[in-house]
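Q: Per this note's numbering, residue 1408 is the first one in the sequence shown, and the count goes up by one each step.
Here it is, the structure, as structure tokens.
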Amino acid sequence: MDDGMPGAAIDVALFRLRRIWSRPLRARRTERSPRSVQMSNVMVVHAVHKLSLDVPEVTVGAVAEQLDVDPSTASRLVNDAIAAGLVEREASEVDARRARLVLSEPGGRVLDVVARYRRSYLDGLMADWDRAEREVFARLLARFAEAATARPVDLSVLDGLIAEALESAGPRRGGEPPESAGFAETG
């Protein structure tokens, strides 16, 4: 649905980007050949690096917050990154009861390679843009990301709207409307 408004065009563009970028991820999940580095490993490497610039010691809890996942999920992801040799767990220099996370040498190399690849990919997408267009896009996209971070989507509101839409449509062919729209977030 396109109402000719900028918000509608942005919505369509974001939907297309999600589909385009999730397609290779779905394909990778079904690959039979194991890869030594998973995307989740790269996410942990990036989180540990970013956090290490801001805090004296990186913990699993800080990684959980950075990745916006539950602590148990962060613990599993960190353990996977450690098993892949990208992150190391060391004794805390601040509190002997805790451990701190640091990038290993291979983790630092993976961080650099991934950053170079992403920048090269983005440069290719914007190859025919002039510098001013790239600067405006970068500024507006950063502003958009900040706004999205500050005001995340409330799926309970969407669930309610979907339920109302289903109720107002009347009974569905083959039965009554479902009790809940049950919109499930997929990662």
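Just so you know, even glycine gets a beta-carbon here, dropped at the ideal spot from N, CA and C.
What separation, rounded to the nearest whole angstrom, lies between the Cα atoms of GLN1473 and TRP1536?
A: Between GLN1473 and TRP1536, the C-alpha separation is close to 32 Å.
Q: Rounded to whole angstroms, what is the Cα-Cα separation between VAL1476 and GLU1500?
A: Using only the alpha carbons, I get a separation of about 26 Å.
Q: In terms of residue numbering, what span does the beta strand (DSSP E) encompassing ALA1506 cover?
A: From DSSP, the beta strand (DSSP E) with ALA1506 extends over 1506 to 1510.
Q: Taking the straight line between their C-alpha atoms, what separation do you get for TRP1428 and ARG1483?
A: C-alpha separation (whole angstroms): 24 Å.
Q: Quick one: what's got a C-beta closer than 6 Å to THR1466's C-beta in the same chain, skipping five residues either side?
A: None.
Q: Rounded C-beta distance between GLU1495 and SER1511? I'm assuming under 8 Å.
A: With 8 Å as the limit, GLU1495 and SER1511 qualify as a contact, their Cβ atoms being about 5 Å apart.
Q: Could you tell me whether any Cβ in chain C is nearer than 8 Å to the Cβ of ASP1566?
A: Going by chain labels, chain C is absent from the structure shown, which holds only one protein chain.
Q: State whether the stretch 1442 to 1460 contacts the stretch 1514 to 1529, with contact taken as three or more CB pairs (one from each stretch) at a distance under 8 Å.
A: Touching, per the Cβ criterion.
Q: Does the Cβ-Cβ distance between VAL1470 and LEU1460 come in under 8 Å?
A: No, they are not a contact pair.
Q: In chain order, what residues of the same chain have a beta carbon less than 6 Å from the beta carbon of THR1556, not counting five sequence neighbours either side?
A: Around THR1556: no qualifying Cβ.
Q: DSSP three-state label for ALA1498, please.
A: In the structure shown, ALA1498 sits in a strand (DSSP, three-state: E or B).
Q: Contact defined as beta carbons within less than 8 Å: I believe ASN1448 pairs with ALA1503. What is the distance between those atoms, to the nearest angstrom?
A: No, ASN1448 and ALA1503 are not in contact; Cβ-Cβ is about 28 Å, not under 8 Å.
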